[in-house]
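Numbering (full-length UniProt numbering), first residue to last: 1 to 672. Beta carbons: idealized from backbone N, C-alpha and C, even for Gly. Comments concern the structure below.
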Amino acid sequence: MFAVLDSAVGGMKTAASKACDNCNLRKVRCDMGQPCVTCAARGFVCTYERARKSRGPTGKRISKIRQRQANSVAELEGEKRATQVGSSVHGSQENFDSRYSATLGLQPGADSLASHNSSLAAVRQINDENTSWPTSTPGTNGDHTSPFTSTYPNILSPNRHVSNATTIYSNSAEPGNGTNALTASPSLSEFVFPSMPMDSPSASFDAFGALPQQYLPPLAETVDVWPSNINEETLLPWIDVYFKRLHPTVPILNRTNMYHEMLLRKHRSDSQYGAMLLSLCAFAMTQPVQIHERAAGPSRSAQADMLLEKCVKMRVAADFGEDPTMEMILSSFFLFACLFGSNKHRAARLRLREAVDLAYSLGIHLPESYEGMSAEKREQWLRTYLVLSVTERAYAIQQRHSINFRGRPGITARFMQSFDPTSANEYITSLIYADQTSAVEMTGLLYLMETFDAINESVIDCWNGHCHYSDGICASFDRRRALQMFHAQHRAREACLTGTTSFAPSATPLPLAKLVESQQADISITQFWLLNRLWNLCLSHGLLREISEHAELRFDFACQIGKVLLHTSKNLSLSAMEVHGVGLIEKVHDVAVGIITAMNSSTQIFLDTILRQDDADDLLANRSDGPDKYEMTVRQVLAGLAALIRDFRGGDHIYHTRIAATLAMIPGWEGN
């Protein structure tokens with residue numbers, strides 16, 4: 001029984017000098033008797049066991065008192081029944097032991113006692129399991145949940161600590177056929193699930209329940225940092241979306257390792273790992289949206305925003321970044337990808353810079369950082385470095401930003417051999433393709449690396465206007481340097497078409513035509529877009545001419561780029577391009593605007609100008625045998641690119657209206 005200090009007298013007062021527990025809870029007057037008059041009248045058990053708290057407003061607490069006492073009675077009855085079951089089992093076991101011993105002519109001894117103890121423990125364990133493992137499954141209406149939902153709170157449901165009401169899941173449709181609506185009691189907010197992707201696991205499948213509870217590490221040993229209103233079971237379909245649609249172009253995670261760490265509940269003890277999972281799922285919800293999933297776009301965006309908010313809260317720490325980890329880097333990268341797709345470029349730039357700075361602090365760009373690593377960890381570091389360096393350069397050109405990973409980020413033999421001075425090309429090949437199951441993904445990433453290998457900090461500075469061309473001369477980018485970069489892009493294009501690489505001659509990667517279609521779309525359109533950016537850089541430096549012996553230094557080269565890009569896109573499905581988000585269609589828009597810029601800068605390019613086959617096709621590695629390889633007008637190229645921009649995600653992006661407004665300003669464009 002608690003005692004309280006009487007500050008006036010300086011001594012201790014007994015609990016009876018205060019109101020009883022029930023009167024204190026109800027905030028009513030108490031005569032402090034044992035029992036008090038109020039409890040005796042109500043039929044309550046009068047106790048003085050609770051610590052005294054500051055007085056609050058009066059109110060009705062009778063139902064709460066009765067509920068609490070009813071629960072106490074139920075617990076006592078449950079313990080009584082368990083004792084009776086144990087006694088009956090014990091008696092049955094003793095009778096069995098006696099009969100068994102009598103049959104064999106033995107006396108019950110230590111062995112039979114040990115057998116009895118183990119049997120009793122097994123029976124009690126079964127009883128406990130039958131009590132705590134209800135038969136209802138996630139997704140069914142009822143008061144019970146699966147054994148994992150008892151440990152893991154319901155995902156995306158109202159916080160279970162807010163109210164005592166029971167949250168009820170109502171799956172209104174199967175994955176891919178509609179939305180999954182989550183409803184609760186009227187006192188709680190309602191949430192609407194975004195439509196699930198096709199070929200995703202069923203919402204009623206408990207993947208975590210596949211392992212018995214006793215095989216999983218207990219949560220009591222660590223602090224649970226996972227958001228209480230998010231159930232990881234419904235994150236599994238979105239993780240599956242990442243590996244099916246995004247992993248070919250962003251191969252920085254391993255499916256087996258991720259599921260293994262989730263089953264070990266790493267996301268519940270490691271806040272940075274949990275934040276990475278949330279940002280990954282938000283990325284999978286918003287970027288690879290297919291045609292049949294467009295109607296669920298607003299619902300997905302709202303759901304992804306909620307996951308991003310939870311992700312950011314899990315990452316908050318005063319010393320964030322002091323000890324960078326790979327999970328921190330990937331979380332920042334996925335945050336950047338989500339913000340970029342939402343056209344929030346200032347916030348996206350911050351997250352990309354954060355990811356690059358964390359990677360820079362971790363030293364993934366330094367050869368000595370890889371010494372002593374396992375092959376699996378080394379491969380993930382290299383992949384992350386390549387993805388970040390390629391993304392940083394592409395985004396710097398798109399948004400005119402600087403870069404942190406300076407120099408040439410390509411995996412050259414010299415760079416790789418610094419890990420092991422005795423290594424050879426075979427070592428490089430085995431390191432790049434350490435996991436044969438992801439060799440296709442790694443090949444596409446290496447082709448992109450070669451494409452951006454020549455885009456260093458000097459080119460970025462010129463592109464951003466930080467060179468001295470305004471003073472009359474630029475020492476970083478002249479005619480000779482421009483031709484070198486164009487030829488480097490030509491070699492990169494030829495290498496991916498033929499399946500050769502310059503950094504590892506012994507490697508035999510797959511040619512572009514044998515890669516996943518989404519990889520083909522990303523690599524091809526990015527290569528043509530990068531040529532267009534170099535052409536624009538030549539235009540700003542005054543290197544273009546109407547007639548030149550070098551096709552890439554002519555004004556009409558921008559039109560040739562658009563023609564080849566249009567023909568390439570006709571061989572790709574729309575879904576293969578849409579999986580990359582609006583960033584890819586922005587590149588198509590830049591190429592179309594480059595054609596209009598060429599028309600405004602040249603006196604020999606008009607809408608009806610015919611683009612015939614010439615040496616530009618060889619430079620662009622255009623191997624088409626179609627009729628549009630030989631003759632297309634500028635008008636046809638612009639109309640085709642505008643149609644592609646219009647069809648991309650049904651025109652639900654800003655570049656549809658931009659290209660329409662730009663084309664409307666061209667004299668003679670009416671009627672197209």
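Subject >> For V582 and H653, the rounded distance between their alpha carbons >> reply: Numbered from its first residue, the sequence shown carries residue 653 at position 653. Numbered from its first residue, the sequence shown carries residue 582 at position 582. For H653 and V582, the distance between alpha carbons rounds to 7 Å.
**OP:** Measure the CB-CB distance between I460 and A396 and report whether it falls below 7 Å.
**Re:** The residue given as residue 460 occupies position 460 in the sequence shown. The residue given as residue 396 occupies position 396 in the sequence shown. Remark: C-beta atoms of I460 and A396 approach each other more closely than 7 Å.
Original post:
Between residue 727 and R294, which are expected to be in contact by the criterion C-beta below 8 Å, what is the C-beta distance as a whole number of angstroms?
Top reply: No answer is possible for residue 727: it lies beyond the span of the chain, which begins at 1 and ends at 672.
**OP:** Can you tell me which of the three DSSP states I605 falls into?
**Re:** Against the sequence shown, residue 605 aligns to sequence position 605. Shown here, I605 sits in coil according to DSSP, grouped into three states, outside any helix or strand.
Subject >> Buried/exposed call for P298, threshold 16 Cβ in 10 Å >> reply: Numbered from 1 along the sequence shown, position 298 holds the residue referred to as residue 298. Flag for P298 reads exposed.
**OP:** Check whether the Cβ atoms of S438 and S458 lie closer than 7 Å to each other.
**Re:** Along the sequence shown, read from residue 1 onward, the residue named residue 438 stands at position 438. Along the sequence shown, read from residue 1 onward, the residue named residue 458 stands at position 458. The answer is no: Cβ separation not under 7 Å.
Original post:
If you drop the 5 nearest sequence neighbours on each side, which residues of the same chain put their C-beta closer than 6 Å to that of A337?
Top reply: In the sequence shown, counting from the first residue as 1, residue 337 sits at position 337. Same-chain partners within the cutoff: F283.
Subject >> V223 burial status per 10 Å Cβ neighbour count (16 or more: buried) >> reply: The count along the sequence shown starts at 1 and reaches residue 223 at position 223. Residue burial is scored here from C-beta neighbours: V223 has fewer than 16 other C-beta atoms within 10 angstroms and is therefore classed as exposed.
Original post:
Between the C-alpha atoms of R265 and L246, what's the straight-line distance to the nearest angstrom?
Top reply: Counting from 1 along the sequence shown, the entry for residue 265 is found at position 265. Counting from 1 along the sequence shown, the entry for residue 246 is found at position 246. Spanning the two alpha carbons is a distance of roughly 24 Å.
Original post:
So what's P665 in DSSP terms, helix, strand or just coil?
Top reply: Here residue 665 corresponds to residue number 665 of the sequence shown, with the count starting at 1. Here the sequence assigns Met to residue 665, which means Pro is not the residue at that position. Assignment of M665 by DSSP, reduced to helix, strand and coil, places it in the coil class.
Original post:
Does DSSP classify T47 as helix, strand or coil?
Top reply: In the sequence shown, the residue the question calls residue 47 occupies position 47. If DSSP states are grouped into helix, strand and coil, T47 belongs with coil.
Subject >> Spatially closest choice to P288 from E371, K244, E309 and A70, by CA coordinates >> reply: Here residue 288 is taken as the residue at index 288 of the sequence shown, counted from 1. Of all alpha-carbon atoms in E371, K244, E309 and A70, the one lying nearest the alpha-carbon of P288 is that of K244.
Original post:
Hey, would you say L584 sits closer than 7 Å to I659, going by beta carbons?
Top reply: Position 584 of the sequence shown holds residue 584. Position 659 of the sequence shown holds residue 659. Cβ atoms of L584 and I659: not closer than 7 Å.
**OP:** State the DSSP-derived secondary structure class of E322, mapped to helix, strand or coil.
**Re:** Along the sequence shown, one-based indexing puts residue 322 at 322. Of the three classes helix, strand and coil, the one that applies to E322 here is coil, per DSSP.
Original post:
Of the choices K514, A482, P367 and P35, whose alpha-carbon is the least far from that of L497?
Top reply: Stepping through the sequence shown from its first residue, residue 497 is reached at position 497. For L497, the closest C-alpha among the options K514, A482, P367 and P35 is that of K514.
**OP:** Can you tell me which of R351, S601 and A375 puts its alpha carbon nearest to the alpha carbon of W535?
**Re:** Counting from one through the sequence shown, the residue named residue 535 turns up at place 535. Cα-wise, what sits closest to W535 is S601.
Original post:
Under 7 Å, do R393 and F452 count as touching if we go by C-beta distance?
Top reply: Locating residue 393 in the sequence shown gives position 393, where the first residue counts as 1. Locating residue 452 in the sequence shown gives position 452, where the first residue counts as 1. The answer is yes: Cβ separation under 7 Å.
**OP:** Could you please give the first and the last residue of the uninterrupted alpha helix (DSSP H) stretch that includes E578?
**Re:** Within the sequence shown, residue 578 is the residue found at index 578, counting from 1. Start and end: L574 to E578.
Original post:
How close, in whole Å, do the beta carbons of L553 and G640 come, if the pair is a contact with beta carbons under 8 Å?
Top reply: Here residue 553 is taken as the residue at index 553 of the sequence shown, counted from 1. Here residue 640 is taken as the residue at index 640 of the sequence shown, counted from 1. About 25 Å separates the CB atoms of L553 and G640; that is not less than 8 Å, and the two are not in contact.
Original post:
With distances taken from CA atoms, which of C30, N456, M32 and A492 is nearest R481?
Top reply: Walking along the sequence shown from the start, residue 481 turns up at place 481. If we check each option's Cα against that of R481, N456 comes out closest.
Subject >> Residue from V241, H260 and S271 whose Cα sits closest to the Cα of W226 >> reply: In the sequence shown, counting from the first residue as 1, residue 226 sits at position 226. Ranking V241, H260 and S271 by CA distance to the CA of W226 puts S271 first.
Original post:
For L388 versus A348, is the C-beta distance shorter than 7 Å?
Top reply: Residue numbering aside, residue 388 sits at position 388 when the sequence shown is read from its first letter. Residue numbering aside, residue 348 sits at position 348 when the sequence shown is read from its first letter. Note that the C-beta distance between L388 and A348 is not below 7 Å.
Original post:
Going by beta carbon distance, what residues of the same chain come within less than 6 Å of M276, once the five residues before and after it are set aside?
Top reply: In the sequence shown, counting from the first residue as 1, residue 276 sits at position 276. A distance below 6 Å between beta-carbons, with the five flanking residues on each side excluded, links M276 to the following residues of its chain, in chain order: E327, L330 and S331.
**OP:** Compare the Cα-Cα distances from S573 to each of F334, I291 and P237 and report the closest residue.
**Re:** Residue mapping note: residue 573 aligns to position 573 of the sequence shown, counting from 1. It is I291.
Original post:
Run through DSSP, which three-state label would M328 get?
Top reply: Translated into the one-based positions of the sequence shown, residue 328 becomes position 328. M328 carries a helical assignment under DSSP once its states are collapsed to helix, strand and coil.
Original post:
Distance, Cα to Cα, F405 vs A551?
Top reply: In the sequence shown, counting from the first residue as 1, residue 405 sits at position 405. In the sequence shown, counting from the first residue as 1, residue 551 sits at position 551. Approximately 32 Å, taken between the alpha carbons.
Subject >> Close beta carbons around C36, own chain, < 7 Å, minus the five adjacent residues each side >> reply: Working through the sequence shown from its first residue, we reach residue 36 at position 36. Excluding residues within five positions, the ones whose Cβ falls inside 7 Å are C20, C23, C30 and C46.
Original post:
In three-state terms, what does DSSP make of E670?
Top reply: Position 670 of the sequence shown, counted from the first residue, corresponds to residue 670. Per DSSP, reduced to three states, the secondary structure at E670 is coil, with no helix or strand assignment.
Original post:
In three-state terms, what does DSSP make of I610?
Top reply: Translated into the one-based positions of the sequence shown, residue 610 becomes position 610. The answer is strand: DSSP assigns I610 an E or B state.
Original post:
If you drop the 5 nearest sequence neighbours on each side, which residues of the same chain put their C-beta closer than 6 Å to that of A576?
Top reply: By 1-based counting over the sequence shown, the position of residue 576 is 576. E517, S518 and A521.
Subject >> Beta-carbon proximity list for F333, same chain, < 6 Å, skipping 5 on both sides >> reply: As a first step, residue 333 must be located in the sequence shown, where it is residue number 333. Answer for F333: A355, listed in chain order.
Original post:
The beta strand (DSSP E) spanning T249 covers which residue range?
Top reply: For the purposes of this step, residue 249 is taken as the residue at position 249 of the sequence shown. For T249, there is no enclosing beta strand (DSSP E), as DSSP gives it neither H nor E.
**OP:** Using a threshold of 7 Å, state whether the C-beta atoms of L607 and G562 are closer than that.
**Re:** Start at 1 with the first residue of the sequence shown, and residue 607 comes out as number 607. Start at 1 with the first residue of the sequence shown, and residue 562 comes out as number 562. Cβ distance not < 7 Å, so L607 and G562 don't count as in contact.
Original post:
Nearest to I523 by alpha carbon, out of E261, E232 and V390?
Top reply: Taking the first residue of the sequence shown as position 1, residue 523 is located at position 523. Nearest of E261, E232 and V390 to I523, Cα basis: V390.
Original post:
Is the CB-CB distance between L307 and C281 below 7 Å?
Top reply: Numbered from 1 along the sequence shown, position 307 holds the residue referred to as residue 307. Numbered from 1 along the sequence shown, position 281 holds the residue referred to as residue 281. In this structure, C281 lies closer than 7 Å to L307 by Cβ.
**OP:** Find the nearest neighbour of residue 678 within the set V250, T249 and D240, judged by alpha-carbon distance.
**Re:** No statement about residue 678 is possible, as the shown extent of the chain runs from 1 to 672 and does not include it.
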